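Top line first, the protein sequences correspond to chains A and B. Numbering of the first sequence is given in my numbering, commencing with residue 126 and proceeding in unit increments. Numbering of the second sequence is given in my numbering, commencing with residue 300 and proceeding in unit increments. Right, one structure below, let's go through it.
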Amino acid sequence: AQTVTQSQPEMSVQEAETVTLSCTYDTSENNYYLFWYKQPPSRQMILVIRQEAYKQQNATENRFSVNFQKAAKSFSLKISDSQLGDTAMYFCAFNNAGNMLTFGGGTRLMVKP
Amino acid sequence: NAGVMQNPRHLVRRRGQEARLRCSPMKGHSHVYWYRQLPEEGLKFMVYLQKENIIDESGMPKERFSAEFPKEGPSILRIQQVVRGDSAAYFCASSPTGVSGANVLTFGAGSRLTVL
């Protein structure tokens, strides 16, 4: 079974600075997909970024980028130029092309003005 | 194009009552997934349905919980004889085809169940 671990329960960052959220996972699969979801206080789950394991290039979406280290099974999220609206829970998730996403326990990010 | 619609957003039940949570997938999506989020935890997969079929219910508790996705109408997650441990946020997600990573799930805003 796959597991996803987020070792940082809470993080804080000053507005306009950069923060990195950690995620590690365990799998015996070679082809899979990794995701970061954002859950603001409204509780809506919003996809932030996605990475296919067979792609070596790290995914980037505007201020969000990932550092995907396949051998280390690590998938960290970097948020640049942090904004107050980035305050939320962030969940790392794994899919092995099966029927379900496996989520980590989440990291609560607070962006301070 | 409305997203995934869940209702009710909040539901309060007393122990022993039944809870029914509804989910209408995005237009054009025929695959529905239910996830449960306990307080301060990540989402846990419960069940995956297509129209009139349960494809994977490996995350569903064996008793008191059931799900359906009829030919017409929303998907329903039903919890019978609720207990305090059922208090959680229940999220529905949909996709146009089965999850393969390439197809991203679209989540609803969740239904928060509180059992008194």
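Cβ atoms here follow ideal geometry from the backbone N, Cα and C, with glycine treated the same way. These numbers come from a predicted model, not from an experiment.
Is residue j closer than 8 Å to residue i when the C-beta atoms are compared?
i: B:Val382; j: B:Ala366; result: no
i: B:Gly302; j: B:Gln380; result: no
i: A:Ile204; j: A:Arg188; result: yes
i: A:Thr232; j: A:Gln164; result: no
i: A:Leu234; j: A:Ala218; result: no
i: A:Asn224; j: B:Asp385; result: no
i: A:Pro238; j: A:Leu209; result: yes
i: A:Tyr158; j: A:Gln176; result: yes
i: B:His330; j: B:Ser374; result: no
i: B:Leu415; j: B:Arg313; result: yes
So residue i packs on residue j, CB below 8 Å; how close in whole Å?
i: B:Gly372; j: B:Gln305; result: At roughly 14 Å, the Cβ-Cβ gap does not stay under 8 Å, so B:Gly372 and B:Gln305 are not in contact.
i: B:Ala392; j: B:Thr413; result: That pair is no contact at about 22 Å.
i: B:Arg455; j: B:Arg377; result: Outside the modelled stretch of chain B, which goes from 300 to 415, sits residue 455 of chain B, for which no answer is possible.
i: A:Ala141; j: A:Asp206; result: 6 Å
i: A:Phe193; j: B:Gly341; result: With 8 Å as the limit, A:Phe193 and B:Gly341 do not qualify as a contact, their Cβ atoms being about 20 Å apart.
i: B:Ala343; j: B:Gly358; result: At residue 343 of chain B the sequence reads Lys, which differs from the Ala that was named. About 6 Å separates the two Cβ atoms, so the contact holds.
i: B:Phe368; j: B:Leu337; result: Not confirmed; about 24 Å, so no contact.
i: B:His388; j: B:Arg363; result: According to the sequence displayed, residue 388 of chain B carries Ala and not His. No, B:Ala388 and B:Arg363 are not in contact; Cβ-Cβ is about 18 Å, not under 8 Å.
i: A:Thr143; j: A:Asn221; result: The pair is not a contact, with the Cβ atoms about 31 Å apart (cut-off 8 Å).
contact_flag[the segment 199-218 of chain A, the segment 144-156 of chain A] where n(CB pairs < 8 Å) is 3 or more: Contact holds: three or more Cβ-Cβ distances are below 8 Å.
Check distances from the C-beta atoms of the segment 149-171 of chain A to those of chain B and list, in chain order, the residues that come in under 9 Å. Within the segment 149-171 of chain A, the residues whose Cβ lies closer than 9 Å to some Cβ of chain B are Asn156, Tyr157, Tyr158, Leu159, Phe160, Tyr162, Gln164, Ser167, Arg168, Gln169, Met170, Ile171, listed in chain order.
For the segment 173-225 of chain A, which segments carrying the beta strand (DSSP E) assignment without a break, of at least 3 residues, lie completely within its bounds, in sequence order? Whole beta strand (DSSP E) segments, 3+ residues: 189-194, 199-204, 213-220.
Every unbroken beta strand (DSSP E) inside the segment 325-351 of chain B [3 residues or more]: Correct list: 330-336, 342-349.
Along the segment 337-355 of chain B, what residues have a CB closer than 7 Å to any CB found in chain A? Against chain A - using a Cβ distance shorter than 7 Å - the residues of the segment 337-355 of chain B are Glu340, Gly341, Leu342, Phe344, Tyr347, Ile354, Asp355.
Enumerate, from N- to C-terminal direction, the unbroken beta strand (DSSP E) stretches of 3 or more residues contained entirely within the segment 365-391 of chain B. Taking only runs of at least 3 residues, the beta strand (DSSP E) segments lying wholly in the segment 365-391 of chain B are 374-378.
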